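Enquirer: The listed protein sequences correspond, in order, to chains H and D.
Counting in the numbering used here, the first sequence runs from 1 upward without gaps.
Counting in the numbering used here, the second sequence runs from 1001 upward without gaps.
For glycine and all other residues, C-beta sits at the position ideal for the given N, C-alpha and C.
Every value quoted in this text rests on a predicted model; they were computed, and no experiment measured them.
Structure provided below as structure tokens; questions to follow.
Protein chains: 2
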Amino acid sequence: MAGVRGRPRASASPTGLTTEQDIRLAAARLFCTEGYGSTSTYAIARAAGISQAGMYHHFAGKHEILLALLLETVRPSVELCEELGRRSEPAAGRLWALCAYDTRLLVSGDDNLGALYLLPELSDPRFAPFHVERQRLLDGYRDLVAATLGSAGRGQSGNADLHGLTSLVFGLVESVILRRRSEPGLVAGDVDVRIADAALRLLGLDDDAVRRARADAPTPG
Amino acid sequence: MAGVRGRPRASASPTGLTTEQDIRLAAARLFCTEGYGSTSTYAIARAAGISQAGMYHHFAGKHEILLALLLETVRPSVELCEELGRRSEPAAGRLWALCAYDTRLLVSGDDNLGALYLLPELSDPRFAPFHVERQRLLDGYRDLVAATLGSAGRGQSGNADLHGLTSLVFGLVESVILRRRSEPGLVAGDVDVRIADAALRLLGLDDDAVRRARADAPTPG
């Protein structure tokens, strides 16, 4: 079936996107407004403007679409982590850049994909690839938190503390998922700068150190 | 119907709880493991060990059970806010106490009720009482954040900044909802102290001020 999946369809999409992108967008909207459990593959295909059979050419089922959507919320940030690992800017600046980028990613798009993190269905082993990627992202945060604490002379408190502080920073970034529901202005605002600043203050950096980190932050590319 | 709802049933519950508590517990478990959309009132009644008709004596439908569960996650903290408003301890200590208490509330219980905040169904007007209570809690946080910033000499940056900082603190506390999914040790740990400390550092308080706030924090009750 690998040769069949992803083949172009006969008629062009009115959105100008690929069929796979149409399916992802339609599913994202339905999962976030109707709920994952209440959404059928038939409803997804209809909203994407294709037949159910056409949908199965691209995805083995709705779990595979959900997995693809979940991966979209972490993979770009994991890639940025890898890039930041090769850069020479001070650690606090690189951590600032990661927090700001990851926040922008989580508030981007019309649908709050991060809300899908809390679905009970995510315990299913079929979503393991998402959990693996999210763990890689958390590891990336941990490395940058450790380097930031080291440079700031605050890194002597041991591994338990490093874990705890990393979880606080990671949780602060992901908190925009919960905030998107009740703060409609969040997307357009300066929430990326606010979260990144707050992440460094949370690690004990003072106002001057936070300003320096913001100035040192490499621009992702 | 008001006289009928809540009447004692013929046979005693094997859990020793009231029928209403049995229903809440059963529904919480099903909503958090099977999903709200996938849970029927029949399944809730069965898990609670009563008939469907018996369930309707207590709740008009599953939305009413969900509302009751959601209110459980905010009302105790709203009540603490009111108590803290009458106390004379320094503002930073009172804010510390609120963050720690609210965190403990959100990580308490066997089921992660906060995960229900992200259900698409919560846009339904029937859940307005929850949104009202959560807004009251946010207002309580804002008053304590403003007082804390004022005492720390950091309160000159205007209202937009106060809103932004309050949302950061509130988001940091609620981030434990997202963390409960991937950190099984969160409940037993010292996450309440860590979150409360981090909330004050995020507002720009230094290590000494955070230590003082922790010592000043009134014990709820």
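Quick check on P184 (chain H): does DSSP put it in helix, strand or coil?
Expert: In the three-state scheme derived from DSSP, where H, G and I count as helix and E and B as strand, P184 (chain H) is classed as helix.
Enquirer: For a contact defined as C-beta to C-beta under 8 Å, what are the partners of D1207 (chain D) on chain H?
Expert: G204
Enquirer: With V1193 (chain D) and L1186 (chain D) assumed to form a contact (beta carbons below 8 Å), what rounded beta-carbon distance in angstroms separates them?
Expert: That pair is no contact at about 13 Å.
Enquirer: Grab me the residues of A152 (chain H)'s own chain with a C-beta within less than 8 Å of its C-beta, minus the 5 sequence neighbours each way, in chain order.
Expert: A92, L203, G204, L205, A209
Enquirer: Hey, how far is the Cα of L1098 (chain D) from the Cα of T18 (chain H)?
Expert: 50 Å
Enquirer: At what residues does the alpha helix (DSSP H) containing G204 (chain H) begin and finish?
Expert: Unbroken run through G204 (chain H): none, as it is neither H nor E.
Enquirer: Suppose the cutoff is 7 Å on Cβ atoms and the five residues either side in sequence are ignored; what does the same chain contact list for D1190 (chain D) look like?
Expert: none
Enquirer: Does the count of Cβ pairs from the region 63-71 of chain H and the region 108-116 of chain H closer than 8 Å reach three?
Expert: The region 63-71 of chain H, when compared against the region 108-116 of chain H, does touch it at the 8 Å Cβ threshold.
Enquirer: How many Å lie between Q1052 (chain D) and Y1042 (chain D) at the Cα?
Expert: 6 Å
Enquirer: Name the chain D residues that come within less than 7 Å of A115 (chain H), Cβ to Cβ?
Expert: L1118
Enquirer: If we cut at 8 Å on Cβ distances, does I177 (chain H) have a partner in chain D?
Expert: yes
Enquirer: Along the chain, which unbroken stretches of the alpha helix (DSSP H) at least 4 residues long are found entirely within the region 63-133 of chain H?
Expert: 75-85, 91-107
Enquirer: By the DSSP assignment, the alpha helix (DSSP H) with E1020 (chain D) in it spans what residues?
Expert: 1019-1033
Enquirer: Pop quiz: A47 (chain H) and M55 (chain H) are said to be a contact at Cβ under 8 Å. What is the actual Cβ separation, rounded to whole angstroms?
Expert: Actually they do not touch by this definition, with Cβ atoms about 10 Å apart.
Enquirer: Buried or exposed for E1174 (chain D), please, with buried defined as at least 16 other CB atoms from any protein chain shown within 10 angstroms of its CB.
Expert: buried
Enquirer: Starting from T1033 (chain D), find everything on chain H with Cβ-Cβ shorter than 9 Å and list it in chain order.
Expert: Simply P120, S123.
Enquirer: Using 8 Å for Cβ pairs, my map puts I44 (chain H) next to K62 (chain H). What's the rounded Cβ distance?
Expert: 6 Å
Enquirer: Can you pull the chain H neighbours of S1108 (chain D), defined as C-beta to C-beta under 8 Å?
Expert: Chain H residues near S1108 (chain D): none, gap ~17 Å exceeds 8 Å.
Enquirer: Let me know the secondary structure DSSP gives R154 (chain H) once reduced to three states.
Expert: Three-state result, R154 (chain H): coil.
Enquirer: Quick one: give me the first and last residue of the alpha helix (DSSP H) that A47 (chain H) is part of.
Expert: 41-48
Enquirer: Specify the secondary structure class of D1197 (chain D) as computed by DSSP and reduced to three states.
Expert: helix
Enquirer: Give every residue of the same chain whose Cβ lies closer than 6 Å to the Cβ of A1060 (chain D), excluding the five residues on either side of it in the sequence, and list them in chain order.
Expert: none
Enquirer: Nearest chain D C-beta to R214 (chain H) closer than 8 Å, yes or no?
Expert: Not closer than 8 Å to any Cβ of chain D, the Cβ of R214 (chain H) fails to qualify, so no.
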